[in-house]
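Trainee: Structure below; questions to follow.
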Amino acid sequence: MTANRPFFITTPIYYVNDLPHLGHAYTTVACDVMARFMRLDGRRVRFLTGTDEHGQKVEQSARTADIPPQELTDRNSAGFREMTRLLGVSNDDFIRTTEPRHTRGVDVLWQELERRGEIYLGPFAGWYSVRDEAFYDESELVDGKAPTGAEVEWLEEENYFFRLSAWQDRLLAYYEENPDAIAPRSRRNEVISFVRGGLHDLSISRTSFSWGIPVPGNPKHVIYVWLDALANYITAVGYPDTESKEFSTFWPADLHMVGKDILRFHTVYWPAFLIAAGLAPPRRVFAHGWWTVEGQKMSKSLNNFIPPKQLVETYGLDPVRYFLLRELPFGSDGDFSHRAVVGRLNGDLANDLGNLAQRVLVMINRNCDACVPEPATLSTADEALLDAASGLLETVRVYISEQAFHLALEAIWRVVGEANRYVDEQAPWALSRSNPVRMRSVLYTLAETLRQLAILMQPFVPGSAERLLDQLAIPEAERGFAALAQIALRPGRRLPKPEGIFPRFLEETRA
Ligand code: MSP
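The sequence shown finishes on residue 1162 if you use the working numbering, and the numbering steps up by one all the way, no holes.
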């Protein structure tokens, strides 16, 4: 039974040499939806995010800014923490790789790998990209650059190596036995064919700079930033104390959410490090796609990084959250454009849902003494709508378990569409004189449908869903998913004065 198992979800930890942008906001919001969904579904959740603070790239940025690396990391890490607040993110923890709880854990992990004979010292010669903090084979280079387009440099150093070459069969067996461990499927195939192609031992220390965790027993070396960074997922739940309640409750992680660019680190290196250290690999890694902005790649030279703050100030928080998860099939690449956001905001949110809610609440306010009306016998049409609404949880739960956020929202909005058709067909405004008994049944059916929709929408648009639930006078204790089937809207309950939920976006407001 997995239904009530605790749920541990993580974002990647963000490099502190960049300021938060749309890409970071995307991964974080997707994780927040998962975390909120699982909490509402009765799971005990641990939601972790944080910052990746070591490595040559950070050391270089600090040098350019002429400040000590710790100062740079303190400042920029705070920016990412601020981003979580700004996006309404419900993380339970925020880890920084410069914290003692982390560095101590990495130290032990290294020693454990060494003790098990997984690490050796040897000469390294190869290509390295500081921007990607990654090593590349000669055969992977494209026109003398990394496949990501980043500059590479030739490195010759004495390094510690992890015996990754010995892990090919065990990794392939792990993928085989855990068909859901890498998603989407196309990414899983990509990883499997990479591993089938053969693995080289991996350099896991550097001597040419010092901003990192020293290798235990040989402080001339610092630990490779990816080994350091990946370990955050276990140090945050108490590693090395693997006997602790915390570690045994939450490890292995249920889901590492990552962008497609960092898939290999999470699905090849990370499970190999873990299994080599005697720990369980994560249950699942999902790689999402990348956004372009108005048709262009986000880049320093184009200076088109969109700060999350600007997005939220322009459109409001919930429209941004909704757009990010509704616009693209999660896993695919796509384009962020002002036109597309406004289309979703004014169409799906203001028109389809906002107007529906407003119409229903205003009619109840005017025609039913502002109290939830008492329904009479329900018609087939009433029951059809109520069934569509109450059947949603099951559908949405499956989509969420597959991280198909766009399909979950599409399913919810299909019921919004049905409710709009129902309002038009039943025309409750015309019934107020001719058949008030029937009007009350229609308005009750609509208000109950809104209750179901609002409860289910909470993970995606928490603030707006909360306002809708307030207007339906739903008590705090009745907002979890258990209340979807167990409780129905209670006739007679007094409702507050209706207020709009999603204002339309007017171009003038943008200026
Ligand atoms: N520090 C590493 C992760 C270590 S995890 C143990 C890192 N950090 S990052 O700040 O560069 O990127 C973090 C995430 O932002 C990645 O998942 C990446 O895919 C995502 N994005 C960066 N640009 C993006 C877009 N343009 N679009 C969508 N997501 C993108 O990698």
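No residue lacks a Cβ here, since even glycine has one placed at the ideal position from N, Cα and C.
In this text, all values refer to a predicted model and were calculated from it rather than measured experimentally.
With distances taken from CA atoms, which of Phe688, Ala785, Thr886, Pro867 is nearest phenylalanine 745?
Mentor: Thr886
Trainee: Given this structure, state the Cα-to-Cα distance separating alanine 1162 from methionine 949, to the nearest angstrom.
Mentor: Any reading at alanine 1162 is ruled out, since the residue's pLDDT is 48, under 50, leaving its predicted position unreliable.
Trainee: Measuring alpha carbon to alpha carbon, tell me which residue in Cys1019, Glu1117, Arg732 is nearest threonine 700.
Mentor: For threonine 700, the closest of Cys1019, Glu1117, Arg732 by C-alpha to C-alpha distance is Arg732.
Trainee: Taking three-plus beta-carbon pairs below 8 Å as touching, is the segment 889–898 in contact with the segment 795–808?
Mentor: Here the segment 889–898 makes no contact with the segment 795–808; the two share fewer than three CB pairs at distances below 8 Å.
Trainee: With a CB to CB cut of under 7 Å and the five nearest residues on each side skipped, what residues in its chain are close to phenylalanine 901?
Mentor: Excluding positions up to five away in sequence, the list reads Pro657, Phe659, Arg697, Val888.
Trainee: Within 10 Å of its beta-carbon, does valine 1049 have 16 or more other beta-carbons around it, so buried, or fewer, so exposed?
Mentor: exposed
Trainee: For glutamine 721, does the count of other Cβ atoms within 10 angstroms reach 16, so buried, or fall short, so exposed?
Mentor: exposed
Trainee: Within the present structure, is the beta-carbon of threonine 748 separated from the nearest heavy atom of the ligand MSP by less than 6 Å?
Mentor: no
Trainee: Just reading off the beta strand (DSSP E) that glutamate 808 is part of, what are its end residues?
Mentor: 804–813
Trainee: Just the C-alpha distance for valine 1074 and proline 1154, rounded to the nearest angstrom, thanks.
Mentor: 21 Å
Trainee: Would you check whether the ligand MSP has a heavy atom nearer than 6 Å to the C-beta of valine 971?
Mentor: no
Trainee: By DSSP's criteria, serine 854 is part of a beta bridge. Which residues make up the other side?
Mentor: Phe812
Trainee: Have a look at the DSSP bridge pairing and note the partners of arginine 697.
Mentor: Phe659
Trainee: Counting along the chain, where does the alpha helix (DSSP H) carrying alanine 824 start and finish?
Mentor: 819–828
Trainee: Are the CB atoms of lysine 708 and valine 781 within a distance shorter than 7 Å?
Mentor: Lysine 708 sits close to valine 781, with the two beta carbons spaced by under 7 Å.
Trainee: For proline 1175, is the beta carbon positioned less than 6 Å from some heavy atom of the ligand MSP?
Mentor: Beyond the ends of the chain as shown, which are 652 and 1162, falls residue 1175; an answer cannot be given.
Trainee: Considering only DSSP beta bridges, list what lysine 796 is partnered with.
Mentor: Val793
Trainee: Under 6 Å Cβ to Cβ from asparagine 742, same chain only, skipping five residues before and after it: list those, please.
Mentor: The beta carbon of asparagine 742 lies closer than 6 Å to those of Phe698, Thr700, Thr735 in the same chain, with the five residues before and after it left out.
Trainee: How should serine 859 be labelled, buried or exposed, when 16 other C-beta atoms within 10 angstroms of its C-beta is the threshold for buried?
Mentor: By the 10 Å Cβ count, serine 859 comes out exposed.
Trainee: From glycine 994 to threonine 965, what distance separates their C-alpha atoms?
Mentor: Between the C-alpha atoms of glycine 994 and threonine 965 there is a straight-line separation of about 14 Å.
Trainee: Using a threshold of 6 Å, is the CB atom of tyrosine 771 nearer than that to any non-hydrogen atom of the ligand MSP?
Mentor: Placement of the Cβ of tyrosine 771 at a distance of 6 Å or more from every heavy atom of the ligand MSP is found.
Trainee: Quick check: what's the CA-CA separation for alanine 1078 versus glutamate 1069?
Mentor: 14 Å
Trainee: Among Ala716, Val740, Tyr665, Ala686, which one has its Cα closest to the Cα of glutamate 704?
Mentor: Tyr665 is the residue among Ala716, Val740, Tyr665, Ala686 whose C-alpha sits nearest the C-alpha of glutamate 704.
Trainee: For the beta strand (DSSP E) containing valine 1013, list its first residue and its last residue.
Mentor: Careful: valine 1013 lies outside any beta strand (DSSP E), inside the alpha helix (DSSP H) at 1007–1018.
Trainee: For glycine 916, which of helix, strand or coil comes out of DSSP?
Mentor: Strictly speaking, residue 916 in this sequence is phenylalanine, with glycine absent from that position. Helix.
Trainee: Who are the near neighbours of leucine 1101 in its chain, counting only those whose CB is closer than 7 Å to its CB and skipping five residues on each side?
Mentor: Ala1008, Val1011, Leu1119, Leu1123
Trainee: Between glutamate 897 and the rest of its own chain, which residues show a CB-CB distance below 8 Å, the 5 nearest in sequence each way excluded?
Mentor: Val888, Gly889
Trainee: In or out: histidine 939 buried (at least 16 other Cβ within 10 Å) or exposed?
Mentor: buried
Trainee: So, at 7 Å on beta carbons, what are the nonlocal neighbours of aspartate 669 in its own chain, with the 5 sequence-adjacent residues on each side left out?
Mentor: none
Trainee: Would you tell me roughly how many angstroms separate the C-alpha atoms of proline 1110 and threonine 679, rounded to the nearest one?
Mentor: 13 Å
Trainee: Within a Cβ cutoff of 6 Å, which residues of the same chain sit near isoleucine 1152, ignoring the five residues on either side of it in sequence?
Mentor: Gly1005, Ala1008, Ser1115, Arg1118, Leu1119
Trainee: Would you check if there are 3 or more beta carbon pairs closer than 8 Å linking the segment 808–826 to the segment 853–870?
Mentor: yes
Trainee: For the segment 756–771 against the segment 790–806, do three or more pairs of beta-carbon atoms, one drawn from each stretch, fall closer than 8 Å, so that the two count as touching?
Mentor: no
Trainee: I'd like to confirm the pairing. Which residues does DSSP put opposite lysine 948 in its beta bridges?
Mentor: Thr943
Trainee: For leucine 953, does the count of other Cβ atoms within 10 angstroms reach 16, so buried, or fall short, so exposed?
Mentor: exposed
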